[in-house]
Structure formats: C-alpha cells, structure tokens
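Protein chains in written order, with this note's numbering: chain A, 1 to 124; chain B, 1001 to 1124. Positions of the beta carbon are idealized from the N, C-alpha and C atoms, including for glycine. Below: the structure, in structure tokens.
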C-alpha cells in the first residue's frame, strides 16, 4: 500500500467521488496515519492542512463518507476514493458537493441549491 | 475568478474529470499563470511540481485535455475541470486514466489494460 507521502510535506491528495453518481464531492489531504485509519475504519479520515491535525469527516455532522473502493494514480501521490456519503451533503456550506460553483462569464457562480441547512447541522 | 493560491505554495489542486463518462482521469496542480492559460487556451495547462515549470499537457504526446467546464470548491483552493480528452489515454504510462491501480487485499493491483503503448507516443 505504498504511497508517496514525500512529495507534498507528508500528504497525498484525496479525491472523493460518489461511488454511484460519479460526482466529485470534495478534495482532501491525507497523511500516512489518516490513510491507514481510512482503511481501518472504512470511512474517510483526512489531515486538515489549516488545523494541522486529523480530521474524522462526519464526526460532528454525522456526514461520514463510507469507503467503497480506493484507487491510486501512476506516481502514487494521490488517491481516488469512491464513497457512499451519509446524509444530505458533503460540504459544510450545505451542498451535496463542495464543488457547487461553476465558472461562467469569468465569474464563479453558484450553480445549485443547498441540500441542507448547515446552521442546523453544525450549530446544534 | 479568485482562487486561493496561498494555501499550497502558489498552487491549487486540479482534478480532471471526463465530461461524459465522469471518470477521474488525473490530478494535477496549477499556479495562477497555468490556470489563466488553461482558460485562455481552452486546454489544461498545469504547473509541474517535480520540474517546477509550466506543463502544457499534450504538448509532446498530443493528448490534450479540452476544457468543457470548470468548477471550484467551497474554500476555492481546488478546481474540478471537466474535459474532453484527445487521444487514447491521459496517463503517460499508457492508460486511459492515471488511476489504474485499485486497492485489493491490501495491495495496489493494476485493474485494467493499457489503451496505448507509451513508447510509441513518447519515444518517437
């Protein structure tokens, strides 16, 4: 299960894709420990670059990402994780996917509706 | 078109997804110049972290990635680019996608066949 954690300060890029719809839901980063925990626990565990610590996705929101399959790329510095997401959305801003803005007329435009109210989920 | 290039040494992560099949084909990185060039030229231009220079994908192989749509994520430090790939494969190792290895029995296993011979394309 060797991955190249050296190229990017101990991290690999983790692309999270819905295992059925194939929608890309988010991009996160994993260090060796979070990658190992992801496999052990069966749901995605990231390393937060801003907080510099392990981030058990869904711990507070309940929106875990159940792992269905894992792939790696040719130089093994990125992983593609197919998930079955628990709950109405992956993004902490209330959307199904973190990628809810599209480039249109040289501007980022919100291209879809929220699937839940993040205040209800995160400020409880 | 503001993106957060500060979080990762001047780069954003760029996930490349086939606009029709939704397959994730590769992950690359873009600095501000390569992102601007991607929009101007209409095909993906990356910044190579290993070579520390602009990388016009397809320049030698002909396997350009024609941009169909661009999305960004909630914190705007990653882009998702939907492409129409020119040629039989995106990966320089001869596969349709750089993600040609799956985790199976705790090992990375090649899960598909090459779509072209990289020696023919790159050593001409």
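task = Could you tell me how far apart the beta carbons of residue 1081(B) and residue 1039(B) are, in whole angstroms, since I believe they sit closer than 8 Å?
result = To locate residue 1081(B), count along the second chain from 1; it is residue 81. To locate residue 1039(B), count along the second chain from 1; it is residue 39. At roughly 10 Å, the Cβ-Cβ gap does not stay under 8 Å, so residue 1081(B) and residue 1039(B) are not in contact.
ask   = List, in order along the chain, the chain B residues whose C-beta lies closer than 9 Å to that of residue 102(A)?
value = Locating residue 102(A) in the first chain gives position 102, counting from the first residue. Correct list: 1069, 1070, 1071 and 1072.
inquiry  = Taking the alpha carbon of residue 1088(B) as the reference point, which residue from 1099(B), 1031(B), 1071(B) and 1118(B) has its own alpha carbon closest?
reply    = Taking the first residue of the second chain as 1, we reach residue 1088(B) at position 88. Cα-wise, what sits closest to residue 1088(B) is 1118(B).
query = Roughly how many whole angstroms lie between the Cα atoms of residue 21(A) and residue 110(A)?
reply = On the first chain, residue 21(A) is found 21 positions in, with the first residue counted as 1. On the first chain, residue 110(A) is found 110 positions in, with the first residue counted as 1. Each residue's Cα considered, the two are about 20 Å apart.
inquiry  = Please classify residue 1097(B) as buried or exposed, where buried requires at least 16 other C-beta atoms within 10 Å of its C-beta.
reply    = Counted from its first residue, the second chain places residue 1097(B) at position 97. With 16 or more Cβ atoms within 10 Å of its Cβ, residue 1097(B) is classed as buried.
task = Throw me the rounded Cβ distance for the residue 178(A) and residue 44(A) pair, which I believe falls under 8 Å.
result = There is no way to answer for residue 178(A), as the model of chain A reaches only from 1 to 124.
ask   = Interface residues of chain B around residue 13(A) at Cβ under 7 Å?
value = Locating residue 13(A) in the first chain gives position 13, counting from the first residue. Near residue 13(A) (Cβ distances below 7 Å), the residues of chain B are 1013 and 1027.
ask   = According to DSSP, is residue 71(A) helix, strand or coil?
value = Counted from its first residue, the first chain places residue 71(A) at position 71. Note: residue 71(A) maps to strand in three-state DSSP.
ask   = Anyone know if the C-beta pair for residue 49(A) and residue 1053(B) falls short of 8 Å?
value = Counting from one through the first chain, the residue named residue 49(A) turns up at place 49. Counting from one through the second chain, the residue named residue 1053(B) turns up at place 53. The answer is no: Cβ separation not under 8 Å.
Whether residue 1094(B) touches residue 1076(B) by CB criterion (8 Å) = Walking along the second chain from the start, residue 1094(B) turns up at place 94. Walking along the second chain from the start, residue 1076(B) turns up at place 76. Not a contact, by the Cβ cut-off of 8 Å.
inquiry  = Using a 10 Å radius around the Cβ and a threshold of 16 neighbouring Cβ atoms, would you call residue 33(A) buried or exposed?
reply    = Locating residue 33(A) in the first chain gives position 33, counting from the first residue. Burial call: exposed.
task = State the DSSP-derived secondary structure class of residue 22(A), mapped to helix, strand or coil.
result = Position 22 of the first chain holds residue 22(A). Coil, per DSSP.
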